[in-house]
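Structure, as structure tokens:
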Amino acid sequence: MKRANAAYIEDAAQSKMAFSALGDVWSDIFKNSSHQAVMSVDASGGTHLSISGTRASNLHVLDLFADVSLEPKQVKGGAVTEGVVQGMQEMWDWAFSVAPAGSVFNVTGHSLGASRTHLTPLFLPPAQIGALHSFEAPKFCDAQFYATYAPELASMVCVQNGADLWAAWPWIDPRWVARPQPEHYWLNDVGFDLIPASQWPGGVNPLDHDVSLVQRRVVAIAAGQVVRPEAVSS
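Structure, rendered in structure tokens:
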């Protein structure tokens with residue numbers, strides 16, 4: 002979760018400091034018109050790709066466009082929104098240029114970055130897919146996509162928070178109602194519930210779509226050593 006939060010930092014020097022504080026060796030930062038990502042290596046040698054969500058607070062207009070662009074785009078195994086897949090080939094080309102050949106990638110992201118984490122099987126063979134962490138992802142892939150890549154996404158940790166308005170986006174669009182098949186961690190003020198994805202009711206509270214709030218809750222859960230706390234703490 003801390004990596005997903007730190008992925009939003011745009012200044013390279015500050016980004017390097019943030020990932021170093023997490024115990025990682027910062028490798029590089031990628032930026033394009035719709036998102037950014039950071040490559041880092043943890044103390045055990047694991048490679049981490051952390052993808053930012055919408056950088057709306059810094060007036061990145063194309064980030065917002067990626068969120069609201071819901072036109073279907075056919076990909077191998079299903080359909081995804083035009084917005085979520087925009088720029089992803091460029092990002093992965095960069096990732097392959099930075100990481101050693103054959104690296105196993107641990108991928109994490111928040112919001113739009115979480116939905117882009119779901120696309121990992123489009124770019125990596127199963128043997129190179131490590132731990133996947135998705136925090137507050139909107140609905141940008143169809144049911145066929147999630148069925149096709151169910152084996153690759155089976156161990157992905159999916160987290161929703163409270164009554165999050167923006168993770169429920171798009172609110173009314175029959176093309177985009179699916180979520181990943183693994184059970185979801187539904188965070189609240191006192192802990193979490195582990196539920197089938199279809200049982201998350203969505204929400205109306207934009208303030209629950211907050212990477213720092215989610216981080217605080219995840220850290221509290223891990224500190225309390227509740228059921229499977231390690232799964233949501235990466």
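Residue numbers (the working numbering): 2 to 235.
Idealized CB from N, CA, C, for every residue including glycine.
Subject >> One or two residues paired with Met40 in a DSSP bridge >> reply: Asp29, Leu50
**OP:** Tell me whether Arg217 sits in a helix, a strand or coil according to DSSP, three-state version.
**Re:** helix
Original post:
Taking C-beta to C-beta, are Ser53 and Val42 nearer than 8 Å?
Top reply: no
Subject >> Burial state of Ser247, where buried means 16 or more other Cβ atoms lie within 10 Å >> reply: The structure shown has nothing for residue 247, since the chain only spans 2 to 235.
Original post:
Is Ile173 buried or exposed, if buried means 16 or more other CB atoms sit within 10 Å of its CB?
Top reply: exposed
**OP:** Please report the residue range of the alpha helix (DSSP H) in which Gln200 lies.
**Re:** That residue, Gln200, is in no alpha helix (DSSP H); it is neither H nor E in DSSP.
Original post:
Can you check whether the CB of Ser51 is closer than 8 Å to the CB of Gly110?
Top reply: yes
Original post:
Which of the three DSSP states, helix, strand or coil, is assigned to Asp165?
Top reply: strand
Original post:
Unbroken beta strand (DSSP E) runs of length 3 or more, entirely within the region 99-184: which are they?
Top reply: Runs of the beta strand (DSSP E) inside the region 99-184: 106-111, 130-136, 158-162.
Subject >> DSSP three-state assignment for Asp209, whether helix, strand or coil >> reply: helix
Subject >> Cβ neighbours of Arg180 in the same chain (closer than 6 Å, five flanking residues each side left out) >> reply: Ala198
Subject >> Residues near Asp12 in its chain [Cβ-Cβ closer than 6 Å; skip 5 each side] >> reply: none
**OP:** Starting from the C-beta of Cys159, find all residues in its chain whose C-beta is less than 6 Å away, skip the five residues before and the five after it, and write them out in chain order.
**Re:** Ser135, Pro181, Pro183, His185
Original post:
Shortest alpha-carbon distance to Pro171 belongs to which of Asn162, Ser213, Asp143, Leu195?
Top reply: Closest by alpha carbon: Asp143.
Original post:
Would the beta-carbon of Val105 fall within 8 Å of that of Gln129?
Top reply: yes
Subject >> Which of helix, strand or coil DSSP assigns to Ala80 >> reply: Correct three-state label for Ala80: strand.
**OP:** Measuring alpha carbon to alpha carbon, tell me which of Ser116, Met157, Val99 ends up nearest Pro127.
**Re:** Met157
**OP:** Could you check how far apart the C-beta atoms of Gly78 and Thr149 are, in whole angstroms? I think they sit under 8 Å.
**Re:** 3 Å
Original post:
Using the C-alpha atoms, what's the distance from Trp177 back to Glu231?
Top reply: Residue placement at Glu231 is poorly supported in this model, since its pLDDT is 43, which falls under 50; the coordinates are not used for a value here.
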